[in-house]
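Some notes on the structure that comes next.
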Amino acid sequence: MSTTEKTTENAQLKDIISHAKEYGFVFPSSEIYDGLQAVYDYGQNGVELKNNLKTLWWKCMTQLHQNVVGIDAAIFMHPLTWKASGHIDSFNDPMIDNLDSKKRYRADVLLEDKAAEYEKAGDVSKAQALLKEMGRLLEAEDLKAVQQLIISENIKCPVSGTSNWTEVRQFNLMFSTQVGSVAEDSSTIYLRPETAQGIFVNFLNVQKSGRMKVPFGIAQIGKAFRNEIVARQFIFRMREFEQMEMQFFVRPGTEGEWYENWKAWRKNWHLALGVPTEKLRFHDHDKLAHYAKAAVDIEFEFPFGFKEVEGIHSRSDFDLTQHQNLSRKKQQYFDNDLNEDGKPYGNYVPYVVETSVGADRLFLMTLCNAYQEEEITEGDNTKTRTFLKFHPAIAPIKAAVFPLVKKDGLPEKAMQIFDDLKFDFKMIYEERDAIGKRYTRQDLIGTPFCIAVDYETLENDTVTVRERDTREQKRMHISELRQYIGDAVSFKRIFEKL
Ligand code: GAP
């Protein structure tokens, strides 16, 4: 990637970050104390957008699939959970320090960035060979060779510009804390680094209480915590974030088919949200996580390149078997369907296909995808219009109501419309400033419809509805508004594409 290209991409991300702050989407955490690295707060518009994304995911998983149900497990779990899951022993990132800048980097990210450089320069086979070699070395835990690879690839620290690297070391990513008042070893517990384990330990509770039949899934949305050493790219990599995960329990031997099914379904879900197909791609993992037998990322083209938004993992019976061994409680399912020999499949530990998407990464993808700048000409003036082109179903505010002027009964009429529609939609009433400025403010937060009340409204109960993307205005009767807006903002518009 050339320096100019890099600068443009960084500028694009910078614009999005400052837009997110200025218009109430995302703020740095505890900003008055200069913030806390890799931790962010969602503002008044951000929380609406994020909640809409979460509700959409939840409904798509648990409402459109009869055999997927949800749970909400606690963040704190018995410490043995993390021994069983392998996170205590294997949830590490390979880190390397630059001795001149004293900056620490993830070794695999440095190599991935180098491969991305080769790819951008058109040398795809060199990029692939590098990733393959990296995957092989990390799989073999040959950290010395990973360091050598970084040196031989002439990778330099972006801050100091030198290759004065330390050896590569593994860092565990889990946060720990103490339960109760005594800091003994036995009282150490962890903030969960993934929500999935809350699902695994409840597998039999849900299966039995819900009389669920394999194949079935359990979905969950919740916070996860990772002590990410390298905090980068805004809300892309956070220390406290939210995951939306689903574990799909299947009969052993059928996991390949389910893996392909969920892979396709989840990619289609992102497309249904309005992400253009050329901005999404699959990326097979070069290094598999300790639990995975196969894994693929759904990547989005962020301003800083194609990066993971969601992972689809074939986790075999690894987690349930581990929990069975450590808890000494059977994690088996009795399958009374008949096999080819006409006999019941009987008892087995189900295999698992997981879909795991970060709510914050999805939010960032949605924001980057929605952020639009267009040149518009009004009379002799050409100016840039910035607007957020969210799918109306996930837009934070669905419609704004404006009286043309603040007198002659127009505010009262506009308020009546607002009061009537607020039962169905998240609305805004706004009477300050010229109407052009009010439209601009709504464009900047992505409100799909602006309803203007003028003198004609007082005569015949009609209003103008201005559409965000085209800026076109149409006149309609007040009684048509509910259906007009309702049709456009309904989750159904997304469901029917799935
Ligand atoms: N249960 C499997 C699992 O946790 P993962 O690939 O480590 O797999 C799944 O994480 C998703 O969670 C990622 O695709 C990403 O969207 C999100 N995620 C992971 N780490 C994150 C972080 N530090 N900040 C924000 N999102 C993160």
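Mapping of the sequence shown onto full-length UniProt numbering: residues 1 to 498, in sequence order. Note that the Cβ used here is the ideal one computed from N, Cα and C, for glycine as well. All figures in this text were calculated on a predicted structure; none of them were measured in a lab.
In this structure, ligand 1 has a non-hydrogen atom nearer than 7 Å to the beta-carbon of Phe-241. Close CB contacts of Glu-456 within its chain, under the 7 Å cut and outside five residues either way in sequence, are with Thr-462 (chain order).
For Ala-115, the secondary structure class from DSSP, reduced to helix, strand or coil, is helix. Separation of Glu-245 and Ala-400 (C-alpha to C-alpha, rounded to the nearest whole angstrom) is 34 Å. Cβ atoms of Lys-307 and Phe-236 come within 8 Å of each other, at about 7 Å. For Arg-266, the CB stays at least 7 Å from every heavy atom of ligand 1. Rounded to the nearest angstrom, the Cβ distance from Ile-221 to Gln-247 is 13 Å, too far for a contact under 8 Å.
Taking a C-beta distance under 8 Å as the contact criterion, Ile-298 and Phe-282 qualify as a contact pair. At least one heavy atom of ligand 1 is found less than 7 Å from the C-beta of Gly-358.
Not one heavy atom of ligand 1 is found less than 7 Å from the C-beta of Val-230. A distance of 8 Å or more separates the beta carbons of Ala-224 and Pro-252. Straight across, the Cα-Cα distance linking Gly-346 with Pro-215 is about 14 Å. Distance from the CA of His-285 to the CA of Ile-71, rounded to the nearest whole angstrom, comes to 28 Å. Bounds of the alpha helix (DSSP H) holding Pro-411 are 410–421.
Listed in chain order, the non-local C-beta contacts of Tyr-118 below 8 Å within the same chain comprise Val-124, Lys-126, Ala-127 and Leu-130, local neighbours out to five positions each way being set aside. Inter-residue distance for Lys-120 and Glu-112 is about 12 Å (C-alpha atoms, whole angstroms).
Between the C-alpha atoms of Arg-468 and Val-489 there is a straight-line separation of about 13 Å.
If you draw a 10 Å sphere on the C-beta of Thr-162, you find fewer than 16 other C-beta atoms in it, and that means exposed. The beta carbon of Pro-448 sits closer than 6 Å to the beta carbons of Pro-392, Ala-395 and Arg-468 from its chain, once the five residues preceding and following it are set aside; these are given in chain order.
Between the C-alpha atoms of Tyr-291 and Glu-48 there is a straight-line separation of about 34 Å. Of all alpha-carbon atoms in Asp-419, Arg-432 and Phe-425, the one lying nearest the alpha-carbon of Leu-404 is that of Arg-432.
As a beta-bridge residue in DSSP terms, Ile-298 pairs with Phe-282 and Glu-310. Counting only the Cα atoms, Gly-436 lies some 18 Å from Met-427. In the structure shown, the three-state DSSP call for Glu-354 is strand. The alpha-carbon separation between Lys-144 and Ala-107 amounts to approximately 11 Å. Per DSSP, reduced to three states, the secondary structure at Glu-31 is helical.
Setting aside the 5 residues that flank it on each side, Ile-417 is surrounded in the same chain by Val-401, Ile-451, Val-453, Val-463, Ile-478 and Leu-481, each with a C-beta closer than 8 Å to its C-beta; the list follows chain order. Between ligand 1 and His-270, a heavy atom-to-CB distance of less than 7 Å is absent. Annotated three-state conformation of Tyr-23 is coil, per DSSP. According to the DSSP assignment, Asp-93 belongs to the beta strand (DSSP E) that extends over 92–97.
Three or more Cβ pairs closer than 8 Å define a contact, and the stretch 70–84 falls short of that threshold against the stretch 328–337. In the displayed model, Ile-71 falls within coil according to three-state DSSP, outside both helix and strand.
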